[in-house]
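Visitor: UniProt numbering puts the first residue of the sequence shown at 1, with every later residue one more than the last. Every residue, glycine too, gets a C-beta built ideally from N, C-alpha and C. Owing to the predicted nature of the structure, the values given are computational and were not obtained by experimental measurement. Please find one structure pasted underneath; my questions will follow.
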Amino acid sequence: MHLPHVAVGSLGGTITMTRRPAGQGVLPTLGAQELIAAVPQLAEIAHIEATTLASLPGASLSFHDLIAALEWAEAAADGGASGVVLIQGTDTLEETAFFLDLFWDREEPLVMTGAMRPPATPGADGPANLLAGVLTAVSPLSSNAGVVVVMNDVIHAASRVRKSDATGTNAFTSPSFGPLGRVHEGVVTYGNTHARIAKLPRPGREIAAAPRVALIETCLGDDARLLQLALQDGYDGVVVSAFGAGHVPRALADAIEAATEQVPVVFASRTGSGSTLAHTYGFPGSESDLLRRGAVSGGWLDARKARLLLWALLATGVAADGVAAQFEQRSGSVLARTADNLR
């Protein structure tokens, strides 16, 4: 029986962690081959080519690591893989998936997965997540799905997914519009859609001159000092995680207006669900006020994803005056858009 070819790469994370000397907790030690060997059912689904790309916790991944992983995934797809599965730690999975999706332009799916429980823990979820990830990668329904996250048998769009619980196996959710599909009894079912927006050119691994984008969450009594310090330190862009539908204290609004004279400033909602507004509220520091002051709306993107999009735009040469148009197009990519917005 002919089996599809799937490339599986591992960056590390909880799924690879085993216990080392007493008192040190679990550490990333297992490689991609060992993870594959722990799921014998995979041999019935696909021919697996396993590669260990790194052995890092998710919190320690860098843009350099992600660009290297993207190059590997592109080569695997171009080399005939029906799909690519990338394993990593869950701490940053919602961010790395979105980052990679900004550049992934292949028809083959790039499926990302990991685990909430280490391998030796009772009820370890890594093997089941890996199995569901490979099933998603080989499904014809996943063609042109872009980058998806598969955890707990649920398929999430990279543009929607969030880690919503610190430790639970059901930690990953897709607020506002829901997940794309499910894996059940070995069957992949899609019940939702999302748009694929034209991709950005992939930056190279050389990141010495990469932009620095600050992420600042506003809070009660915010005096704007953190924003001012970021500008003084030479940051190239700022994303403000704002109250509600895109609101900040008046002092911060004044500082944002001044900042837009130097760098792009994007505001997004800190709530974790829903979109910023555009013209509902009119008080100083409201969403309409920030737009008048020159800030850019993050739309349906949460602040973490907005930061990654701003980084990618600056890293690929989009001028500051073109950022707003790019956000208007791309921050709505969580939705099923009309055909003229599709790749």
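1) Is the separation between the beta-carbon of Tyr238 and that of Ile216 shorter than 8 Å?
2) Is the stretch 269-277 close to the stretch 239-247, with three or more CB pairs under 8 Å?
3) For Gly79 and Leu180, I'd like the C-alpha separation in whole angstroms.
4) Which of helix, strand or coil does DSSP assign to His156?
5) Do the CB positions of Thr113 and Met151 come within less than 8 Å of each other?
6) With a threshold of 16 other CB atoms inside 10 Å of the CB of Ser139, please say whether the residue is buried or exposed.
7) Pull the bridge partners of Leu110 from the DSSP assignment, please.
8) Does DSSP put Gly322 in a helix, in a strand, or in coil?
9) According to DSSP, is Phe63 helix, strand or coil?
10) Flag this pair as yes or no: are the beta carbons of Asp236 and Arg202 separated by less than 8 Å?
11) Going by DSSP in three states, Ala97 sits in which element: helix, strand or coil?
12) Along the beta strand (DSSP E) that carries Pro203, what are the first and last residues, could you check?
13) Are the stretch 6-18 and the stretch 31-40 touching, with three or more C-beta to C-beta distances below 8 Å?
14) Mind pulling the alpha helix (DSSP H) runs of 4 or more residues that sit fully within the stretch 194-265?
15) Return the residue from the list Ala166, Glu287, Gly234, Ile197 that minimises the CA-CA distance to Gln329.
16) Does the Cβ-Cβ distance between residue 348 and Val248 come in under 8 Å?
17) Could you check if Gly58 belongs to the surroundings of the ligand ATP, using beta carbon to heavy atom distance under 7 Å?
18) So Thr18 is in the beta strand (DSSP E); what residue range does that whole segment cover?
19) Which stretch, first to last residue, makes up the beta strand (DSSP E) that contains Gly133?
20) Leaving aside the five residues before and after Ala224 along the sequence, list all residues of the same chain whose C-beta is less than 6 Å from its C-beta, in chain order.
21) Which stretch, first to last residue, makes up the alpha helix (DSSP H) that contains Ala50?
22) Arg307 lies in the alpha helix (DSSP H); which residues open and close that run?
23) Whole angstroms is fine: what's the gap from Phe327's alpha carbon to Leu309's?
24) Going by DSSP, what residues sit across from Leu42 in a beta bridge?
25) Note down, in chain order, each residue of its chain lying with its Cβ closer than 6 Å to the Cβ of Arg20, except the 5 sequence neighbours on either side.
26) Use the C-beta contact count for Leu229: other C-beta atoms within 10 angstroms, 16 or more gives buried, fewer gives exposed.
27) Are the stretch 283-292 and the stretch 303-318 touching by the rule of at least three beta carbon pairs closer than 8 Å?
28) Would you say the stretch 58-69 touches the stretch 146-162, given that touching needs at least three Cβ pairs under 8 Å?
29) Count the other C-beta atoms from every protein chain shown that fall within 10 angstroms of the C-beta of Gly126, then say buried if there are 16 or more, exposed otherwise.
30) Go ahead and pull the three-state DSSP assignment for Ser269.
31) Using CA atoms only, rank isn't needed, just tell me which of Ala158, Val188, Thr189 is closest to Ala195.
Guide: So, to answer that:
1) The sequence shown places Val at residue 238, rather than the Tyr named in the question. Yes, the Cβ-Cβ distance between Val238 and Ile216 is below 8 Å.
2) yes
3) 27 Å
4) strand
5) yes
6) buried
7) Val84, Val147
8) helix
9) helix
10) no
11) helix
12) Counting along the chain, Pro203 falls outside any beta strand (DSSP E), and DSSP gives it neither H nor E.
13) yes
14) 225-232, 250-259
15) Ile197
16) Not covered by the structure: residue 348. The range shown for the chain is 1 to 343.
17) As far as ligands go, the structure on display features none, and thus does not contain the ligand ATP.
18) 17-19
19) Run containing Gly133: none in the beta strand (DSSP E); it sits in the alpha helix (DSSP H), 126-138.
20) Ala251, Leu252, Ala255
21) No alpha helix (DSSP H) contains Ala50, which is instead part of the beta strand (DSSP E) from 47-56.
22) 303-315
23) 8 Å
24) None, per the DSSP bridge assignment.
25) Leu27
26) exposed
27) no
28) no
29) buried
30) strand
31) Ala158
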